[in-house]
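Okay, structure first, notes after.
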Amino acid sequence: MREGGSPWSIWFRAAYREFTERKPGYLLQLYSRFIELAVMLERHLERLQSNSAAEPENRFMEEVLRRIDKDYAMQLSAQSFAAATHLSERHFRRLFQQYAGCTFHEYVRSKRIERSRELLASTRLPVIEIMKRVGYTDKKHFLSLFKQSTGVSPTEYRRQASLHHPLEGK
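One gets the numbering used here by counting positions in the sequence shown from 1 and adding 104 to each.
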(Lines of atoms letter the chains of each structure in order from A and count residues from 1; the text may use other names and numbers.)
(Lines give C-alpha, C1' and ligand atoms only; values in the text may rest on other atoms or scores of the structure.)
Protein backbone atom coordinates (compact mmCIF):
# COMPACT_ATOMS: atom_id res chain seq x y z
CA MET A 1 0.00 0.00 0.00
CA ARG A 2 1.29 3.46 -0.94
CA GLU A 3 2.38 5.67 1.97
CA GLY A 4 2.00 9.08 0.26
CA GLY A 5 -0.83 11.53 0.75
CA SER A 6 -2.03 13.93 3.39
CA PRO A 7 -1.21 13.34 7.06
CA TRP A 8 -4.90 12.46 7.54
CA SER A 9 -4.97 9.77 4.85
CA ILE A 10 -1.66 8.35 6.09
CA TRP A 11 -3.08 8.17 9.62
CA PHE A 12 -6.30 6.47 8.49
CA ARG A 13 -4.46 3.91 6.34
CA ALA A 14 -2.08 3.05 9.19
CA ALA A 15 -4.93 2.73 11.72
CA TYR A 16 -6.96 0.60 9.31
CA ARG A 17 -3.97 -1.64 8.58
CA GLU A 18 -3.32 -2.04 12.32
CA PHE A 19 -6.97 -2.94 12.93
CA THR A 20 -7.29 -5.43 10.05
CA GLU A 21 -3.92 -7.18 10.54
CA ARG A 22 -4.43 -7.55 14.30
CA LYS A 23 -0.78 -8.25 15.07
CA PRO A 24 0.24 -8.70 18.71
CA GLY A 25 -0.12 -5.37 20.56
CA TYR A 26 -2.53 -3.97 17.95
CA LEU A 27 -4.90 -2.57 20.61
CA LEU A 28 -2.14 -0.54 22.24
CA GLN A 29 -1.04 0.60 18.80
CA LEU A 30 -4.61 1.70 17.98
CA TYR A 31 -4.86 3.59 21.29
CA SER A 32 -1.64 5.42 20.49
CA ARG A 33 -2.94 6.17 16.98
CA PHE A 34 -6.05 7.79 18.47
CA ILE A 35 -3.92 9.93 20.76
CA GLU A 36 -1.90 10.92 17.69
CA LEU A 37 -5.17 11.80 15.91
CA ALA A 38 -6.22 14.00 18.85
CA VAL A 39 -2.90 15.88 18.65
CA MET A 40 -3.26 16.29 14.86
CA LEU A 41 -6.76 17.70 15.30
CA GLU A 42 -5.68 20.10 18.02
CA ARG A 43 -2.79 21.38 15.89
CA HIS A 44 -5.04 21.72 12.87
CA LEU A 45 -7.59 23.74 14.85
CA GLU A 46 -4.81 25.95 16.23
CA ARG A 47 -3.61 26.69 12.67
CA LEU A 48 -7.16 27.53 11.58
CA GLN A 49 -7.60 29.90 14.51
CA SER A 50 -4.25 31.63 13.93
CA ASN A 51 -5.04 32.03 10.21
CA SER A 52 -8.42 33.59 10.94
CA ALA A 53 -6.80 35.87 13.53
CA ALA A 54 -4.37 37.04 10.82
CA GLU A 55 -7.17 37.82 8.33
CA PRO A 56 -7.78 41.38 9.61
CA GLU A 57 -4.02 42.05 9.36
CA ASN A 58 -4.00 40.62 5.83
CA ARG A 59 -6.92 42.81 4.79
CA PHE A 60 -5.18 45.78 6.37
CA MET A 61 -1.94 45.03 4.50
CA GLU A 62 -3.82 44.56 1.22
CA GLU A 63 -5.26 48.03 1.71
CA VAL A 64 -1.81 49.45 2.45
CA LEU A 65 -0.44 47.90 -0.76
CA ARG A 66 -3.38 49.25 -2.78
CA ARG A 67 -2.77 52.71 -1.39
CA ILE A 68 0.93 52.56 -2.23
CA ASP A 69 0.16 51.25 -5.73
CA LYS A 70 -2.23 54.19 -6.24
CA ASP A 71 -0.27 56.95 -4.49
CA TYR A 72 3.32 55.84 -5.22
CA ALA A 73 4.24 59.33 -6.48
CA MET A 74 3.29 61.00 -3.21
CA GLN A 75 5.52 61.29 -0.19
CA LEU A 76 4.88 57.99 1.61
CA SER A 77 6.35 56.83 4.89
CA ALA A 78 5.98 53.83 7.10
CA GLN A 79 5.67 56.26 10.00
CA SER A 80 2.55 57.90 8.54
CA PHE A 81 0.92 54.54 7.75
CA ALA A 82 1.71 53.30 11.25
CA ALA A 83 0.32 56.45 12.87
CA ALA A 84 -2.86 56.28 10.81
CA THR A 85 -3.49 52.74 12.03
CA HIS A 86 -2.42 53.27 15.64
CA LEU A 87 0.50 50.83 15.36
CA SER A 88 4.05 51.47 16.40
CA GLU A 89 6.26 52.10 13.38
CA ARG A 90 8.40 49.10 14.29
CA HIS A 91 5.37 46.79 14.44
CA PHE A 92 3.99 48.18 11.19
CA ARG A 93 7.33 47.60 9.44
CA ARG A 94 7.49 44.05 10.78
CA LEU A 95 3.93 43.26 9.62
CA PHE A 96 4.59 44.85 6.24
CA GLN A 97 7.75 42.85 5.60
CA GLN A 98 6.07 39.66 6.74
CA TYR A 99 3.17 40.25 4.37
CA ALA A 100 4.89 41.80 1.33
CA GLY A 101 8.19 39.92 1.50
CA CYS A 102 10.20 43.15 1.36
CA THR A 103 10.58 46.32 3.38
CA PHE A 104 8.17 49.23 3.03
CA HIS A 105 10.91 51.33 1.41
CA GLU A 106 11.81 48.58 -1.09
CA TYR A 107 8.17 48.16 -2.08
CA VAL A 108 7.63 51.90 -2.70
CA ARG A 109 10.89 52.13 -4.64
CA SER A 110 10.01 49.13 -6.81
CA LYS A 111 6.58 50.63 -7.64
CA ARG A 112 8.17 53.92 -8.62
CA ILE A 113 10.84 52.30 -10.78
CA GLU A 114 8.23 50.01 -12.38
CA ARG A 115 6.09 53.02 -13.31
CA SER A 116 9.09 54.99 -14.60
CA ARG A 117 9.98 52.04 -16.85
CA GLU A 118 6.42 52.03 -18.22
CA LEU A 119 6.56 55.77 -18.91
CA LEU A 120 9.98 55.53 -20.55
CA ALA A 121 8.77 52.76 -22.84
CA SER A 122 5.40 54.30 -23.72
CA THR A 123 5.94 58.08 -23.85
CA ARG A 124 8.42 60.66 -25.05
CA LEU A 125 8.34 62.55 -21.74
CA PRO A 126 11.73 63.86 -20.64
CA VAL A 127 13.46 61.77 -17.97
CA ILE A 128 13.26 64.68 -15.50
CA GLU A 129 9.46 64.83 -15.96
CA ILE A 130 9.12 61.05 -15.47
CA MET A 131 11.29 61.29 -12.36
CA LYS A 132 8.90 63.88 -10.89
CA ARG A 133 5.78 61.96 -11.91
CA VAL A 134 6.91 58.87 -10.02
CA GLY A 135 7.76 60.79 -6.85
CA TYR A 136 11.48 61.60 -7.00
CA THR A 137 12.91 65.10 -6.66
CA ASP A 138 16.64 64.37 -6.77
CA LYS A 139 17.78 63.50 -10.31
CA LYS A 140 21.09 61.96 -9.22
CA HIS A 141 19.30 59.74 -6.71
CA PHE A 142 16.69 58.68 -9.27
CA LEU A 143 19.32 57.87 -11.92
CA SER A 144 21.28 55.83 -9.40
CA LEU A 145 18.21 53.86 -8.24
CA PHE A 146 17.04 53.28 -11.80
CA LYS A 147 20.41 51.96 -12.95
CA GLN A 148 20.74 49.83 -9.81
CA SER A 149 17.32 48.32 -10.51
CA THR A 150 17.51 47.82 -14.29
CA GLY A 151 21.23 47.74 -15.02
CA VAL A 152 20.97 50.64 -17.48
CA SER A 153 20.29 54.38 -17.43
CA PRO A 154 16.76 55.64 -18.16
CA THR A 155 17.91 56.90 -21.57
CA GLU A 156 19.40 53.52 -22.47
CA TYR A 157 16.29 51.77 -21.15
CA ARG A 158 14.11 53.91 -23.42
CA ARG A 159 16.38 53.21 -26.39
CA GLN A 160 16.22 49.46 -25.77
CA ALA A 161 12.44 49.56 -25.26
CA SER A 162 11.97 51.48 -28.53
CA LEU A 163 13.94 48.81 -30.42
CA HIS A 164 11.48 46.18 -29.18
CA HIS A 165 8.31 48.29 -29.18
CA PRO A 166 8.66 51.50 -31.20
CA LEU A 167 6.78 54.46 -29.75
CA GLU A 168 3.66 55.15 -31.75
CA GLY A 169 3.69 58.92 -32.09
CA LYS A 170 3.48 59.56 -28.34
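The beta carbon of each residue, even a glycine, is placed where N, CA and C say it ideally should be. None of the values given here were measured: they were computed from a predicted structure.
{"Asked": "Suppose you measure from the CA of ARG197 to the CA of SER184; what does that come to, to the nearest Å?", "Found": "11 Å"}
{"Asked": "Does the ligand MN have even one heavy atom less than 7 Å from the beta-carbon of LEU169?", "Found": "You won't find the ligand MN in this model; it holds no ligand whatsoever."}
{"Asked": "State the Cα-Cα distance for the pair ALA187 and ARG194, rounded to the nearest angstrom.", "Found": "11 Å"}
{"Asked": "Exposed or buried, which one is PHE246 when buried takes at least 16 other CB atoms within 10 Å?", "Found": "buried"}
{"Asked": "Within 10 Å of its beta-carbon, does TYR135 have 16 or more other beta-carbons around it, so buried, or fewer, so exposed?", "Found": "exposed"}
{"Asked": "Taking just the CA atoms, how far does GLU222 sit from ASP173?", "Found": "14 Å"}
{"Asked": "Checking 8 Å against the spacing of the C-beta atoms, do ARG137 and GLU122 come in under that value?", "Found": "yes"}
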